[in-house]
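**Q**
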Amino acid sequence: MQFIAPDFGRNYAWMSWGRLRYAHTQGILFGFLTNAFFAFLYHAVPILSGRPVTSARLGLWLFGLWNGAVMIAGWGLVLSGVSQPLEWAEFPLVVDALIVLALLMAAVQFLPGFFRRGFDSLYVSSWYILGGLVFTLLSYPMGNVVPEFVPGASGAAFSGLWIHDAVGLFVTPMALAIAYFVIPAVMGRPVYSHFLSMLGFWLLFFLYPLNGTHHYVFSVIPMSAQFSAILASGLLGIVVVIVVFNLFMSMRGSGWLPRDLGLRFIGTSTLFYLVVSLQGSMQAQMSVNQAVHFTDWVVAHSHLAMLGFAGFAAIGGLVHAWQRIPGVAFNARAVAWAYWLLTIGLVTMVVDLTIGGVQQGNLWASSAPFMESVTASRPYWVARVHAGSILTLGFIALLIGLTTRGREARVPERDAVAVPADAPASDGVLVPANEIARGSTS
Ligand code: HEM
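Each residue of the sequence shown is one higher than the one before, counting from 0 in numbering that gives the first Met the number 0.
Structure below.
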């Protein structure tokens, strides 16, 4: 709204654009996505590892630390002007320390079951959970603390590495862990190909860190680093095609619009993942980057990625788990409304900002005064407000869907989660990767 009404909230410093952007990026990464991921892990880890999480008390501490000390304190600090001027790392150092502590607690809470179970019988979903939690423990301090001590271009290189590790080594593995969990669970059969799952997992973890410098194409960072990031970005697009192919083949038979609401969100998330990654591979190339860098095109890309891919996966995971918790309210009609509102709102926003971004880039490349690009952007920003309002309605519908009771039947008891501490992890639906390997490739 501030793009079309710059005076909106001008009397309040906390409502200034810069502070709101910081609160927004950290809010979706840590407030929305991480909470949803952790919540899903409480459903998935006992099933995947066959063992309960470490401790209920630790869980309460983790919840309190994450939401009280990290989110509320972090938001309060950035909105009052105390922040760290690093992209996607805006919470100040004191909050960074608490985040590292919380990530350590999360590792202690969720990982021991996998270690006890042994690594020769891990589900694909478990690999992504292990990879995501372990790598983030390492990459978070690297991206949030190191640039403070390495100023200039070298610091920016670390910062770019973190931007891409945050999305590539935390958000993406967690979202894929949810997809690889929910799809076989709902379809009632293993993932399509164990080989493709393995290929996708290792190439993803190998290539993502190499992508960091693509956030700084045409910068003073050595060209060799820029070129390798551009090459890695192209290769990553191919890897994503492999992963998406495997996920879609695992969903075959569920139709274009799966009846299962969790799966519906996951399917759409997978489609968004494909589109956003192919777009990413393209926009990392120098000719395209020159035309779109700093424009609303990149903002469209971020929203397609963080909300379309990761957000839809997170919602799909929550909806899947929610229906299986005995006694919890669930309103399928409201969740179906949420699906449509979020999809329509997001697609509108992405298309709108992509076209607006191309127009901005063209005007910047011409000799027209900068203000002309601002005037030309106005209709796109008006449309963005409408798209954002539809998205907000979608989230309200989701909240209603998860807090009120509808008249529809619940998920059958058979599928409800009731895993005793020593139950074998395989319930015939999720099959450990090595068993699939021993059986068939599909
Ligand atoms: C093959 C996969 C991908 C490639 C090659 C890629 C490439 C890129 C490039 C080149 C940029 C910088 C554009 C610029 O500023 O000029 C960018 C920005 C961004 N990407 Fe991607 N992307 C990919 C997938 C993803 C995914 C899966 C996510 C999230 C889950 C994501 C989230 C973001 C975000 C949030 C930004 C904006 C960062 C900022 O400047 O604030 N991307 N991407």
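Virtual Cβ for every residue (Gly too), placed ideally from N, Cα, C.
By how many angstroms is the C-alpha of residue 367 removed from the C-alpha of residue 315?
**A** Against the sequence shown, residue 315 aligns to sequence position 316. Against the sequence shown, residue 367 aligns to sequence position 368. Straight-line Cα distance between these residues: approximately 45 Å.
**Q** Do you know offhand how far residue 418's Cα is from residue 40's?
**A** The residue you call residue 418 lines up with position 419 of the sequence shown. The residue you call residue 40 lines up with position 41 of the sequence shown. Bear in mind that a pLDDT of 38 at residue 418, under 50, signals an unreliable position, so the number given afterwards is only what the model happens to contain. About 14 Å.
**Q** With a 10 Å radius around its C-beta and 16 neighbouring C-beta atoms as the bar for buried, classify residue 119 as buried or exposed.
**A** The sequence position of residue 119 within the sequence shown is 120, counting from 1. By the neighbour-count rule (16 or more Cβ atoms within 10 Å), residue 119 is not buried but exposed.
**Q** For residue 334 versus residue 397, is the C-beta distance shorter than 8 Å?
**A** One-based indexing of the sequence shown puts residue 334 at position 335. One-based indexing of the sequence shown puts residue 397 at position 398. Yes, Cβ-Cβ distance for residue 334 and residue 397 is below 8 Å.
**Q** Tell me which same chain residues have a C-beta within less than 8 Å of the C-beta of residue 82, skipping the five on either side of it?
**A** Against the sequence shown, residue 82 aligns to sequence position 83. Result list for residue 82: 18, 21, 76, 89, 90, 91, in chain order.
**Q** Here's the rule: buried if 16 or more other CB atoms are within 10 angstroms of the residue's CB, otherwise exposed. What is residue 412?
**A** For the purposes of this step, residue 412 is taken as the residue at position 413 of the sequence shown. Caution is warranted here: a pLDDT of 45 is assigned to residue 412, below 50, making its placement in the model unreliable, and no coordinate value can be reported.
**Q** Taking just the CA atoms, how far does residue 180 sit from residue 261?
**A** As a first step, residue 261 must be located in the sequence shown, where it is residue number 262. As a first step, residue 180 must be located in the sequence shown, where it is residue number 181. C-alpha separation (whole angstroms): 11 Å.
**Q** Hey, is the stretch 184-204 in contact with the stretch 113-132, meaning 3+ C-beta pairs nearer than 8 Å?
**A** Yes, the stretch 184-204 touches the stretch 113-132.
**Q** In chain order, what residues of the same chain lie with their CB nearer than 7 Å to the CB of residue 415, ignoring the 5 residues before and after it?
**A** For the purposes of this step, residue 415 is identified with residue 416 of the sequence shown, where counting begins at 1. For residue 415, the predicted model reports a pLDDT of 44, less than 50, meaning its position is unreliable; a value from the coordinates is still stated below. Counting only Cβ-Cβ distances below 7 Å, and skipping sequence neighbours, we find 323, 325.
**Q** Just to check my reading of the structure: residue 204 and residue 279 have Cβ atoms closer than 8 Å, yes? What is that Cβ distance to the nearest angstrom?
**A** Translated into the one-based positions of the sequence shown, residue 204 becomes position 205. Translated into the one-based positions of the sequence shown, residue 279 becomes position 280. The pair is not a contact, with the Cβ atoms about 17 Å apart (cut-off 8 Å).
**Q** Going by other Cβ atoms of all chains shown within 10 Å of its Cβ, with 16 needed for buried, is residue 225 buried or exposed?
**A** Looking up residue 225 in the sequence shown gives position 226. It counts as buried.
**Q** Looking only at its own chain, which residues have a Cβ that is under 7 Å from the Cβ of residue 86, when we skip the five neighbours before and after it?
**A** In the sequence shown, the residue the question calls residue 86 occupies position 87. In its chain, beyond the 5 residues on either side, 158, 162 have a beta carbon closer than 7 Å to the beta carbon of residue 86.
**Q** Over the uninterrupted alpha helix (DSSP H) stretch that includes residue 148, give me the two end residues.
**A** The count along the sequence shown starts at 1 and reaches residue 148 at position 149. Taken as a continuous stretch (DSSP letters only), the alpha helix (DSSP H) holding residue 148 covers 145-148.
**Q** Kindly list the residues whose CB is nearer than 7 Å to the CB of residue 7, restricted to its own chain and excluding five residues on each side of it in sequence; keep chain order.
**A** Taking the sequence shown and counting its residues from 1, the one referred to as residue 7 is at position 8. So the list reads 0, 1, once near-sequence residues are dropped.
**Q** Where do the ends of the alpha helix (DSSP H) carrying residue 164 lie?
**A** Here residue 164 is taken as the residue at index 165 of the sequence shown, counted from 1. 151-164 is the extent of the alpha helix (DSSP H) around residue 164.
**Q** Could you give the residue range of the alpha helix (DSSP H) that holds residue 43?
**A** Mapped onto the sequence shown, residue 43 falls at position 44. Run containing residue 43: 34-48, per the alpha helix (DSSP H) assignment.
**Q** May I have the straight-line CA-CA distance separating residue 183 from residue 344, to the nearest angstrom?
**A** If you number the sequence shown from 1, residue 183 lands on position 184. If you number the sequence shown from 1, residue 344 lands on position 345. So the alpha carbons of these two residues sit roughly 29 Å apart.
**Q** Could you have a look at residue 390 and say whether DSSP puts it in helix, strand or coil?
**A** Taking the first residue of the sequence shown as position 1, residue 390 is located at position 391. Helix at residue 390.
**Q** For the alpha helix (DSSP H) containing residue 347, list its first residue and its last residue.
**A** Looking up residue 347 in the sequence shown gives position 348. That run of the alpha helix (DSSP H) goes 331-364.
**Q** What number of angstroms, rounded off, separates the C-alpha of residue 153 from the C-alpha of residue 145?
**A** Here residue 153 is taken as the residue at index 154 of the sequence shown, counted from 1. Here residue 145 is taken as the residue at index 146 of the sequence shown, counted from 1. So the two alpha carbons sit approximately 10 Å from each other.
**Q** In angstroms, rounded to a whole number, what distance separates the CA positions of residue 305 and residue 53?
**A** The sequence position of residue 305 within the sequence shown is 306, counting from 1. The sequence position of residue 53 within the sequence shown is 54, counting from 1. Going from the Cα of residue 305 to the Cα of residue 53 covers about 29 Å.
**Q** Here's a check: name, in chain order, each residue in its chain whose Cβ is nearer than 7 Å to the Cβ of residue 5, leaving out the five neighbours to either side.
**A** If you number the sequence shown from 1, residue 5 lands on position 6. Contacts found: none.
**Q** Within the same chain, show all residues whose beta-carbon is closer than 6 Å to that of residue 11, passing over the 5 residues directly before and after it, in chain order.
**A** The count along the sequence shown starts at 1 and reaches residue 11 at position 12. The beta carbon of residue 11 sits closer than 6 Å to none of the beta carbons in its chain outside the five residues before and after it.
**Q** I'd like to check one pair, residue 32 with residue 309: are the Cβ atoms closer than 8 Å?
**A** Residue mapping note: residue 309 aligns to position 310 of the sequence shown, counting from 1. Residue mapping note: residue 32 aligns to position 33 of the sequence shown, counting from 1. Taking 8 Å as the Cβ cut-off, residue 309 and residue 32 qualify as a contacting pair.
**Q** Please classify residue 148 as buried or exposed, where buried requires at least 16 other C-beta atoms within 10 Å of its C-beta.
**A** Working through the sequence shown from its first residue, we reach residue 148 at position 149. Exposed, because fewer than 16 other Cβ atoms sit within 10 Å of the Cβ of residue 148.
**Q** Taking residue 44 as the reference, which of 177, 207, 241, 284 has the closest Cα?
**A** As a working mapping, residue 44 is identified with position 45 in the sequence shown. Among 177, 207, 241, 284, the Cα nearest to that of residue 44 belongs to 177.
**Q** How is residue 281 classed by DSSP in three states: helix, strand or coil?
**A** As a working mapping, residue 281 is identified with position 282 in the sequence shown. It is helical.
**Q** Can you give me the start and stop residues for the alpha helix (DSSP H) that residue 20 sits inside?
**A** Residue mapping note: residue 20 aligns to position 21 of the sequence shown, counting from 1. From DSSP, the alpha helix (DSSP H) with residue 20 extends over 16-25.
**Q** Which of the three DSSP states, helix, strand or coil, is assigned to residue 122?
**A** The residue labelled residue 122 in the question sits at position 123 within the sequence shown. Of the three classes helix, strand and coil, the one that applies to residue 122 here is coil, per DSSP.
**Q** Return the Cβ separation of residue 401 and residue 336 in integer angstroms, given the expectation that the two are a contact with Cβ distance under 8 Å.
**A** Position 402 of the sequence shown, counted from the first residue, corresponds to residue 401. Position 337 of the sequence shown, counted from the first residue, corresponds to residue 336. About 12 Å separates the two Cβ atoms, so there is no contact after all.
**Q** Please list, in chain order, all residues of the same chain as residue 277 whose beta carbon is under 7 Å from its beta carbon, the five residues on each side excluded.
**A** Within the sequence shown, numbered from 1, the residue matching residue 277 stands at position 278. 236, listed in sequence order.
**Q** Measuring alpha carbon to alpha carbon, tell me which of 94, 140, 93, 403 ends up nearest residue 160.
**A** Against the sequence shown, residue 160 aligns to sequence position 161. Nearest C-alpha to residue 160: 140.
**Q** Counting beta carbon pairs with one atom in the stretch 289-300 and one in the stretch 356-363, are three or more of them shorter than 8 Å?
**A** yes
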